[in-house]
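Input: a single structure, listed below in structure tokens.
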Amino acid sequence: MERFPEHQRNAKILRARDVTALSRLALLLFCGLLLSGGFVLAAEQHFAAVQDGYKSESLRIERKKLIEDNQRLALEKEMISAPSRLEQVARQLGLEPATAGQIARSDSTRQSNSKIEVTEPKTSAKKASTR
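Under my numbering, read the sequence shown as residues 1 to 131, first letter to last.
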């Protein structure tokens, strides 16, 4: 039993397009794209801020280490250039303190050209033979 006859022609139904529905759909699509673009932009800004925070923290740690190194080196410089340490090193090199006879002053009346003359120290025979 056939319900539909084979030769029956169905008429094509043409519907009128609903322009308001299409415009609402386009507006909804535009708003959705705008909103999702805003979320993407906000996420990008957030990740950039987090990355800058990490860089800032690493630079802060590096600065702290450099300040500590600078303080350590300044202390080491002060220890090395201390008068007692310099005297020990000078004695190891064979230097001796200047005596009063080694320093001669020129006329004290010439105030503009007052110079201190240093003469060569007298070397002992022991030092002269080692040179």
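No residue lacks a Cβ here, since even glycine has one placed at the ideal position from N, Cα and C.
Review point. With a Cβ-Cβ cutoff of 8 Å, do R85 and M79 count as a contact?
Key: Start at 1 with the first residue of the sequence shown, and residue 85 comes out as number 85. Start at 1 with the first residue of the sequence shown, and residue 79 comes out as number 79. Yes, the pair counts as a contact, with Cβ atoms nearer than the cut-off.
- [ ] Going by CA-CA distance only, name the one from Q102, E87, R63 that's closest to L95.
- [x] Start at 1 with the first residue of the sequence shown, and residue 95 comes out as number 95. Taking only the C-alpha atoms, the option nearest L95 is E87.
Whole angstroms is fine: what's the gap from E76's alpha carbon to K65's? Locating residue 76 in the sequence shown gives position 76, counting from the first residue. Locating residue 65 in the sequence shown gives position 65, counting from the first residue. Their backbone Cα atoms lie some 16 Å apart in a straight line.
Per-residue burial, T130 [other beta carbons within 10 Å of its own, 16 or more giving buried]: Here residue 130 refers to the residue found at position 130 when the sequence shown is read from its first residue. Because T130 carries a pLDDT of 48, less than 50, the predicted location of this residue cannot be relied on, and the following value inherits that uncertainty. Label assigned to T130: exposed.
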